[in-house]
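Below is one structure, written out as structure tokens; comments come after it.
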Amino acid sequence: MERYQAELHAAGEEVSPLCHADQLAARIAEFVERRLAGEGRRRSSRAMPAPSRACAIPSYGTSSVPRENAVRAFLAAHGVADAEGRALTLPACIDGLVFERLPSGGRVSEPEICGLVEAALR
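Using this note's numbering, read the sequence shown as starting at 492 and increasing by one per residue.
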């Protein structure tokens, strides 16, 4: 779990609030690919417990704070009125796609991620 949190933190630190939507989507796609392939897939499987168990793991709820901060800064820099709310929604949507694809070994396409980033910017 600690390595997973470190990766989330590093991903959040990489995003400049001034980057373009396609750059953010590309960085998210790279991160998601790392989470769904090889060792990253195994770590993601361990780090994403069954929803019924997640509430019993105190650190699980705080693992996404650094990336939410980065998303919030990105959205605010692009003039999104509800940057706070959408900074929670966008990562949750990405996590949902990862959680859905994890058991089957599927992938999340960059166009899917671009669509979510574009929706967050509206």
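Note that beta-carbon positions come from the ideal geometry of N, C-alpha and C, so glycine has one too.
Tell whether a beta-carbon distance below 8 angstroms holds between residue i and residue j.
i: A520; j: E609; result: no
i: A574; j: A567; result: yes
i: V589; j: S535; result: yes
Residue i to residue j, Cα distance in whole Å?
i: A578; j: L612; result: 10 angstroms
i: R532; j: L593; result: 7 angstroms
i: S595; j: C605; result: 22 angstroms
i: G576; j: L527; result: 26 angstroms
i: I587; j: V571; result: According to the sequence displayed, residue 587 carries Gly and not Ile. Approximately 22 angstroms between the Cα atoms of the pair.
i: G597; j: L515; result: 21 angstroms
i: V523; j: H569; result: 23 angstroms
Would you mind working out which of the options sits nearest residue i, comparing C-alpha positions?
i: L607; options: V562, A572 and S595; result: V562
i: L581; options: R526, S535 and N560; result: N560
i: C510; options: D586, G587 and F565; result: F565
With 16 other CB atoms within 10 Å as the buried threshold, where does residue i fall?
i: M492; result: The pLDDT assigned to M492 is 48, lower than 50, so where the model puts this residue is not dependable, and the model offers no usable value.
Legend entry - the stretch 590-605 touching the stretch 513-529, judged by at least three CB pairs closer than 8 angstroms: yes
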